[in-house]
Each structure stands twice: as structure tokens, then as C-alpha cells.
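This report refers to the structure that appears directly beneath it.
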Amino acid sequence: MQIYIGTPPPGELQGVCLKQRADVTVTDLEELQDLLNVNIEKNKHLVTGSVQAKVLKWGEDVKEFLPAPDYILMADCIYYEESLEPLLKTLKDLSGPDTCIICCYEQRTMGKNPEIERKYFELLQMDFESEKVPLEKHDEEYRSEDIHILNIRRKKNSRNFPL
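Counting from 1, one number per residue, gives the positions in the sequence shown under this note's numbering.
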């Protein structure tokens, strides 16, 4: 199983790797690679699979990440209007027909945030189907009305990812 995630809190990294014996690639920009590697090193005793850090800039070529992973975990990525199209391009290019994308985000009501969120979901529905995870299925300890979790999959008629 292959999983790609952004800069994970150590607990996320532990849960993903320990339970699944997964091959995990954690991704972020170049300037955050040291932090990724510190998190990996501090938690390597908990990992039963493998973990590697790589640079991923949304909107750029993803060929080095293919074949498509089984899962993509993304947290708190819906915040900056200029990044929406590159983010969605990356999700489309990286995901295959069987990839499950799990998106967690905090709903923000200040400033342009509601408009950014609306635009994200408008663009998302062009190539993806999403299903909200009901609040009662969230972990009781971390459950919050403004935190949302979605299961996202490519639409069946969406173009195949690049070869």
C-alpha cells in the first residue's frame, strides 16, 4: 500500500504506518523537508512500513510519484485561493481510479475563506466525487463542528492520470 501525505503530525504518521505496514511518502515544499525528516526520525521506532520525505509543489510534474497511491491524505490545504487550481491539478495527476483521497479541513468564516472554500468545492466536483464523513464518526476526543473530513474519489469519466 502506498500513501502520500503532507507534513504530518507524528501521531498521523504513526497511525498510518503502524496499522497498515504502508509505504508512506510525506510531501511538502523544499523549505519544510528538514521538518519532515525530523518527524520521520523521531517516529521511526513506531513504523512497520517505510517512510520517505519528498518535495512536492502543487501544479508541477508528479511522474516521480507514480504509480498512483492507494491513499492520499491531505489536511488543512484549503486556505489560499491561488493554490486551489494547482492543488486540484496535482490531485488529478496523482490519483488513479482506485485512489482514495481523505481530506480534512477547518471551516473558516473570516475574510475570504468562505469564498475560497466554495471555489474549491466547485472546482473539485469537475473531476471528483466527495462524501462528507458524518461528525458522529469523527474521533470523540478531536471532534469539532468546524473540522470536516471528506472521502474523495475521481469520477469514473475523469481523464486518466499522466503516464
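We put the CB at the ideal spot given by N, CA and C, even for glycine.
When secondary structure is reduced to three states using DSSP, T48 falls in the coil class, being assigned neither helix nor strand. Restricting attention to L36, N157, E31, the CA atom closest to the CA of Q125 is found in N157. Between the alpha carbons of L123 and Q52 lies a gap of roughly 30 Å. Fewer than three Cβ pairs drawn from the segment 60 to 67 and the segment 99 to 111 lie within less than 8 Å of each other, which leaves the two stretches out of contact. Counting every other CB atom within 10 Å of its CB across the protein chains shown gives N151 a total below 16, marking it as exposed.
In this structure, DSSP gives M110 a state outside helix and strand, which the three-state scheme calls coil.
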